[in-house]
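**Q** Going by the numbering used here, the first residue of the sequence shown is number 1, and it counts up by one from there.
Cβ coordinates follow ideal geometry from the N, Cα and C atoms, glycine included.
Just dropping this structure here.
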Amino acid sequence: MYGEVVATQRLTPQLVRVVLGGPGLDEFVPGEDADQYVNCSFLADEVPYSVPFDDEAVRQLPREQRPFPRRITVRAWSAERRELTLDIAAHGEVGYAGRWASRAQVGDRLQLRGPAGSYHPHADADSYLLVGDESALPAIAACAEAVPAGRPVVVVVEVEDAAGEVALTSPGDLDLRWVHRAGRHDGLDDLLAEAVAALPRPIGTVSAFVHGEAAATRAVRRILLGAGIVDPARLSCSPYWRRGLDDEGWRAVKAAWVREVAAETFG
Ligand SMILES: Cc1cc2nc3c(=O)[nH]c(=O)nc-3n(C[C@H](O)[C@H](O)[C@H](O)COP(=O)(O)OP(=O)(O)OC[C@H]3O[C@@H](n4cnc5c(N)ncnc54)[C@H](O)[C@@H]3O)c2cc1C
């Protein structure tokens with residue numbers, strides 16, 4: 001499956017919206033989860049093939065010519081227009097996904113598989129807590145749109161500075177809080193956790209979604225489970241990326257990290 005870029009928009013200095021359409025998406029079937037994502041194949045600058053390509057055939061090529069897989073959230077799917085919206089974090093001159101998004105032009109193609117997902121705001125929760133950075137902002141935005149009407153939803157998002165903030169909407173009673181990392185050179189892992197620890201304690205059953213940088217999500221998990229704010233069964237906590245590692249490096253150690261975090265229990 002592949003999409004053809006029909007529009008791009010720089011939402012913030014760090015976040016690029018790419019809308020994909022065209023007949024290559026004819027087989028796309030959206031899932032039910034609010035955090036659904038697609039597995040995208042980003043290509044190095046010089047490769048001897050183009051989209052669409054045969055996944056099996058390119059697997060035989062030398063590593064530097066093979067596609068670089070990256071998971072990107074389905075920010076929106078328009079069933080009417082059959083268009084897929086992805087919001088992709090751009091982090092300077094590094095990253096196959098970020099650079100592709102920064103340079104994307106109408107007509108460019110992106111091969112992808114999916115979608116898959118794992119979280120939908122629990123229908124029976126009394127309130128919702130959605131926490132993350134730019135990489136999780138598309139999923140957080142989709143989750144905020146999927147909470148039941150009128151229920152409290154607290155959103156805490158770490159961005160570079162005020163220019164990194166975007167408008168979010170929700171049928172819920174939205175309390176949106178931004179955390180800025182600009183000017184911070186240490187303690188980055190704890191920024192979100194400190195903001196979450198300072199929140200008023202939610203009343204009742206909380207459904208929580210905490211995704212983004214690995215150490216930051218782990219620190220938030222410690223606060224939420226350590227203080228008994230969220231039941232582990234209603235916490236979706238996933239390390240999307242790891243500071244200092246690219247996705248290839250991160251995937252090599254991710255399973256061990258996830259096991260270590262899951263083993264952390266709180267009396
Ligand atoms: C289920 C799932 C859904 C995801 N959805 C999205 C999404 O909708 N949008 C999105 O942008 N990302 C999303 N991510 C995260 C994304 O897949 C990773 O951040 C990926 O590493 C980005 O690829 P890249 O090629 O741009 O950078 P890489 O080549 O992987 O990394 C290059 C460098 O950039 C750093 N880096 C990677 N991501 C970030 C970041 N967000 N901010 C700052 N530095 C970074 C790395 O640590 C590394 O030093 C998702 C991840 C998962 C698992």
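Determine the direct distance from the alpha carbon of E93 to that of P48, and round the result to whole angstroms.
**A** 23 Å
**Q** Roughly how far, in whole angstroms, is the beta-carbon of V157 from the beta-carbon of A193, given that I think they are within contact range, below 8 Å?
**A** Contact flag wrong, Cβ pair sits at about 14 Å.
**Q** Give a yes or no on contact between the segment 69 to 86 and the segment 20 to 33, applying the rule of three or more CB pairs nearer than 8 Å.
**A** yes
**Q** Between the segment 90 to 107 and the segment 208 to 224, do three or more beta carbon pairs fall short of 8 Å?
**A** The segment 90 to 107 is not in contact with the segment 208 to 224.
**Q** Assuming F42 and P13 form a contact by the criterion Cβ under 8 Å, report the distance between their Cβ atoms to the nearest whole angstrom.
**A** Contact doesn't hold; Cβ gap of about 21 Å is too wide.
**Q** Between the segment 193 to 202 and the segment 219 to 239, are three or more C-beta pairs nearer than 8 Å?
**A** yes
**Q** May I ask whether a heavy atom of ligand 1 can be found less than 7 Å away from the beta carbon of G132?
**A** no
**Q** Taking only the alpha-carbon atoms, compute the straight-line gap between S118 and H180 and give it to the nearest angstrom.
**A** 28 Å
**Q** At the level of alpha carbons, what is the spacing between D231 and T205?
**A** 8 Å
**Q** Which residue spans inside the segment 184 to 239 form an unbroken beta strand (DSSP E) run of at least 3?
**A** Those beta strand (DSSP E) runs which fall completely within the segment 184 to 239 and span 3+ residues are 206 to 213.
**Q** Please determine if the segment 170 to 177 and the segment 132 to 150 are in contact, where contact requires at least 3 C-beta pairs separated by less than 8 Å.
**A** yes
**Q** Nearest to A216 by alpha carbon, out of L137, W250, G132?
**A** When only C-alpha atoms are compared, the closest one is G132.
**Q** Assign I297 to buried or exposed, taking buried as 16 or more other Cβ atoms, counted over all protein chains shown, within 10 Å of its Cβ.
**A** There is no way to answer for residue 297, as the model of the chain reaches only from 1 to 267.
**Q** Please confirm whether V19 and V38 have their CB atoms less than 8 Å apart.
**A** Against a cut-off of 8 Å, the Cβ pair of V38 and V19 comes out as no contact.
**Q** When DSSP builds the beta bridges, which residues end up paired with E160?
**A** Here E160 is not bridged, per DSSP, to any residue.
**Q** Under the rule that 16 or more other beta-carbon atoms within 10 Å means buried, what is P138, buried or exposed?
**A** buried
**Q** For A76, which of helix, strand or coil comes out of DSSP?
**A** strand
**Q** Whole-angstrom Cβ separation of H120 and A34, contact assumed at under 8 Å?
**A** 5 Å
**Q** Exposed or buried, what is E248 when buried is set at 16 or more other beta-carbons lying within 10 Å of its beta-carbon?
**A** exposed
**Q** I'd like to confirm something about T8: is its beta-carbon nearer than 7 Å to some heavy atom of ligand 1, or not?
**A** no
**Q** So for P138, helix, strand or coil by DSSP?
**A** helix
**Q** Could you check if L168 belongs to the surroundings of ligand 1, using beta carbon to heavy atom distance under 7 Å?
**A** No.
**Q** Is any heavy atom in ligand 1 found nearer than 7 Å to the beta carbon of S135?
**A** yes
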